[in-house]
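Residue numbers (the numbering used here): 152 to 409. For every residue, glycine included, the Cβ atom is placed at its ideal position computed from N, Cα and C. Here the structure is a predicted model, which means the values were calculated and not measured. Here is the structure we will look at.
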Amino acid sequence: MSDLHVHRFGPSTGPIVLALHGLTGHGRRWRALAEEQLPGIRVVAPDLRGHGRSTSLPPWDFETIVADLENLLESETSKPVVVVGHSFGGAVALHLSRTRPDLVRALALLDPAIALDPELLRTIAASVLEHPDYENLEAARFDKLETAWAEVDPAVLEEELAEHLVPSTEGRVAWRLFLPAILSYWGQLAREFVLPPADLPTLLVQAMKVRPPFVTPAFRTALAAHLGDRLAVHEFDCDHMVAQARPAEVAALLRTLL
């Protein structure tokens, strides 16, 4: 049995999409895309280990998350699935496809965060540790708007705050996650990238407003050389929250894999 809390959208039959959120996120973040743009598709969206309502037990690394997802997929279906991963979830999707290619029939990588600069990751991790919570809901909303959510439908942002923000200490609020796991995962993003099987149909979406880019030139070049015509690359003129900022465009791309 999986130790993951799983959000499921769409009919119980039909093609399955495994949707993997980014670092500090949660599975319900895929609800609007699933219900409003892909109503005929079954979207299985777990809270990854250390996030949301899932287990927070270590170890906190790609290998353990992949093992969690193996258990989940084997309990959901006997067929390989389309996997869509955003940011950290994109890195997880690549490791899953490399470890268990029999479980994955196509990949959609939405501004994946992979093999990033260690200096950048150290700065981010230190900032998260220094500021782990917020004075109130308004401060949390402002932080989202300042960090890649400005283009997202305000109703989707309010849903995010309602689902993911919980009481902290002394009347403050924080995201529903386990901070030690999150800090460890920032370190995982400094690892060298892995590539999917050479015959795996793959979509790569790069959010062109992200600076410095999470999709590094080295990764993009290596992926193109490795996959050839199995790779389709799309550049979106948006910030990092690709699925929330451009849901119709993302859904259209996913349909090409389904």
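query: Where does P363 land, buried or exposed, given buried means 16+ other C-beta within 10 angstroms?; result: exposed
query: Do D219 and R200 count as a contact pair if the criterion is CB distance below 7 Å?; result: yes
query: So R381 packs on P352, CB below 8 Å; how close in whole Å?; result: 5 Å
query: Quick one: what does DSSP say E236 is sitting in, helix, strand or coil?; result: Glu is not the amino acid found at residue 236; the sequence shown has Gly there. Three-state DSSP puts G236 in a strand.
query: According to DSSP, E386 sits in a beta bridge with which residue or residues?; result: Q357
query: Please say whether V235 and A257 have beta carbons closer to each other than 7 Å?; result: no
query: I'd like to confirm something about V235: is its beta-carbon nearer than 6 Å to some heavy atom of the ligand SAM, or not?; result: The ligand SAM is not part of the structure shown, which contains no ligands of any sort.
query: Select from L354, F365 and K360 the residue whose C-alpha is nearest the C-alpha of T407.; result: L354
query: Mapping the DSSP letters down to three states, classify I265 as helix, strand or coil.; result: coil
query: Report all residues from its chain with a CB closer than 6 Å to the CB of G241; omit the five preceding and five following residues, and keep chain order.; result: L260 and P263
query: By the three-class DSSP mapping on this structure, what secondary structure does V243 have?; result: helix
query: If you drop the 5 nearest sequence neighbours on each side, which residues of the same chain put their C-beta closer than 6 Å to that of E309?; result: none
query: Would A185 and V194 qualify as a contact pair, given that the criterion is a beta-carbon distance under 7 Å?; result: yes
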